[in-house]
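So for the sequence shown, UniProt numbering puts the first residue at 1; every next one is plus one. Glycine included, each C-beta is placed from N, C-alpha and C at the ideal position. One structure below.
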Amino acid sequence: MPELPEVETVRRGLAPVLEGAAFSRVHLRRADLRKPFPVDFVQRLEGARIKRTGRRAKYLLIESHDDTLIWHLGMSGQVRIYPPGETPAPVGKHDHVQFDLSNGAVIVFTDPRRFGLMDLCPSEKVAEHPLIKDIGPEPLGNAFSGPVLAAALKGKKVAIKQAIMDSHVVAGVGNIYASESLFQAGLSPKRRAGTVQGARAEKLAGAIKSVLSAAIQAGGSTLKDHRTTDGELGYFQHSFAVYGRTGQACPGCDCDVLKTKGIQHLEQGGRSSYYCPRHQR
Ligand SMILES: [Zn+2]
């Protein structure tokens, strides 16, 4: 599933193509993805000029004067951009939505598993939309800090890994980057969330910011000419410190893997966690 850095990478690819252009035609090839499209989806978008391409957690927010398109890429959704003058590939079975823009560019959303979602909301009411209103602070924004994280975790008995994946605590930290952030902060994923206070919360908030920023930077470099923004492109497999690396030594670790068994795998709430028992407490 695309995580926040992948969605941000897609946003950065879309922004220069969308902003200032209008939707000249919207081709909707089915009535629903995860949820039905609004009945007046096509009418409300056609002719609308895009002011801003934003993001909240893992939702893309394509804002025009009247309405904002709230767009989630789902589990395996992919976005393709065809620049002006380039003929789009023949329509595929899973190409459910196509936006033709006034500048001649074409954007295609392909979603084989149909876990994606598109909704429309009056632009001035986006913050109150049911999908958006309860989301906690953006991890890369100024509103997220050690003290804010500590306050959100206070008294929580669940494991810290599960707590930071709760979007009320912090927005859009998914499974992969939760493991990576806890490694960088030196905290065990099993630690009780409420014990992460003071300096530990400071360290963890900093780790979340730095892990996500590094992933966004890596994603930016995969975009190249902004022609293909692929929801799955950005998994940056090579830069993971612990994720998916069971049995290996963690970066900078001098321990004997034969004795310590290296990075451990753990199931938490049905999701895989990876951690170094020696460096994470
Ligand atoms: Zn280690």
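Rounded to the nearest angstrom, the Cβ distance from ALA105 to ALA21 is 7 angstroms, consistent with a contact under 8 angstroms. For the pair of segments examined, the stretch 68-75 was found to touch the stretch 114-123: the number of CB pairs separated by less than 8 angstroms reaches three. Between the C-alpha atoms of ALA15 and ASP111 there is a straight-line separation of about 21 angstroms. Inclusion of ARG25 and ASP95 in the CB contact set at 9 angstroms is not warranted, their separation being larger than that value.
With three or more CB-CB distances shorter than 8 angstroms, the stretch 159-177 counts as touching the stretch 188-199.
Applying a distance threshold of 5 angstroms between residue Cβ atoms and the heavy atoms of ligand 1 selects CYS250, CYS253, CYS276, ARG278, HIS279, given in chain order. Secondary structure of TYR59 (DSSP, three-state): strand.
For GLN43, no beta strand (DSSP E) encloses it; the enclosing alpha helix (DSSP H) starts and ends at 41-45. Partner residues in a beta bridge of ALA143, as assigned by DSSP, do not exist.
Secondary structure note for PHE23: its beta strand (DSSP E) is the uninterrupted segment 23-28. The shortest CA-to-CA distance from LEU33 to any of GLU8, ARG12, SER76 is the one to SER76. A straight line joining the alpha-carbon of THR246 with that of LEU45 spans about 47 angstroms. Only residues of its own chain outside the window of five on either side were considered, and among them SER145, GLY146, LEU149 have a CB closer than 6 angstroms to the CB of ALA205, listed in chain order. As the crow flies, the alpha-carbon of ILE135 is around 21 angstroms from that of ILE216. The Cβ neighbour count for ARG113, taken over all protein chains shown within 10 Å, is under 16; the residue is labelled exposed. Nearest to MET1 by C-alpha distance, out of PHE240, VAL126, ILE176, CYS253, is ILE176. Pairing GLN78 with PHE99 gives a Cβ-Cβ distance that is not under 9 angstroms.
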